[in-house]
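*Asks:* Structure incoming, see below.
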Amino acid sequence: MTAPQPLRWRCRRGMRELDVLLERWLARHWDTATAVERAAFARLLSYPDPLLWDWLVAGLPGPDEELTALCRRIRASV
Numbered sequence: 032m033t034a035p036q037p038l039r040w041r042c043r044r045g046m047r048e049l050d051v052l053l054e055r056w057l058a059r060h061w062d063t064a065t066a067v068e069r070a071a072f073a074r075l076l077s078y079p080d081p082l083l084w085d086w087l088v089a090g091l092p093g094p095d096e097e098l099t100a101l102c103r104r105i106r107a108s109v
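Plus 31 on top of the position in the sequence shown (first one is 1) and you've got my numbering.
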C-alpha cells in the first residue's frame, strides 16, 4: 500500500530539511507502519514548521509521547 497522495503533498514544507525527513520516512516506512504510527504521522503534519524543526531536527520532545517517539523514529531513519 503506498502512501496517500495528500500526505505526500503535506510533507512538502517551507524548509528543505523537513521535506527530506518527512518525505523519506513516508516513502520508506509508510507500508510497514502500524495504524497508530500512520495516524501519528498524519497528525504530525498538522503542526507548523518551527515546531516540526524543534522536534525533528533539534530533538526536543513533542507534545505527547506518541509524537515524540515517532519523531525519534523519523530522525533515526535518515
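Heads up, the beta-carbon is just placed ideally off N, CA and C, and yes, glycines get one too.
Give the secondary structure of residue 42 by DSSP, where H, G and I count as helix, E and B as strand, and everything else as coil.
*Replies:* Against the sequence shown, residue 42 aligns to sequence position 11. Residue 42: coil per DSSP, three-state reduction.
*Asks:* Tell me the rounded alpha-carbon separation between residue 65 and residue 56.
*Replies:* As a first step, residue 65 is located in the sequence shown; it is residue number 34 there, counting from the start. As a first step, residue 56 is located in the sequence shown; it is residue number 25 there, counting from the start. Distance between the alpha carbons of residue 65 and residue 56: 13 Å.
*Asks:* Within 10 angstroms of its Cβ, does residue 58 collect 16 or more other Cβ (buried), or is it exposed?
*Replies:* Mapped onto the sequence shown, residue 58 falls at position 27. Its Cβ having fewer than 16 others within 10 Å, residue 58 is exposed.
*Asks:* Please determine, among 41, 77, 40 and 69, the residue with the shortest C-alpha to C-alpha distance to residue 94.
*Replies:* Along the sequence shown, read from residue 1 onward, the residue named residue 94 stands at position 63. Residue 94 has its Cα closest to that of 77, out of 41, 77, 40 and 69.
*Asks:* On the three-state DSSP scale, how would you describe residue 80?
*Replies:* The residue given as residue 80 occupies position 49 in the sequence shown. Residue 80: helix per DSSP, three-state reduction.
*Asks:* Can you have a look at residue 86 and say buried or exposed, based on whether 16 or more other CB atoms are within 10 angstroms of its CB?
*Replies:* Start at 1 with the first residue of the sequence shown, and residue 86 comes out as number 55. Flag for residue 86 reads buried.
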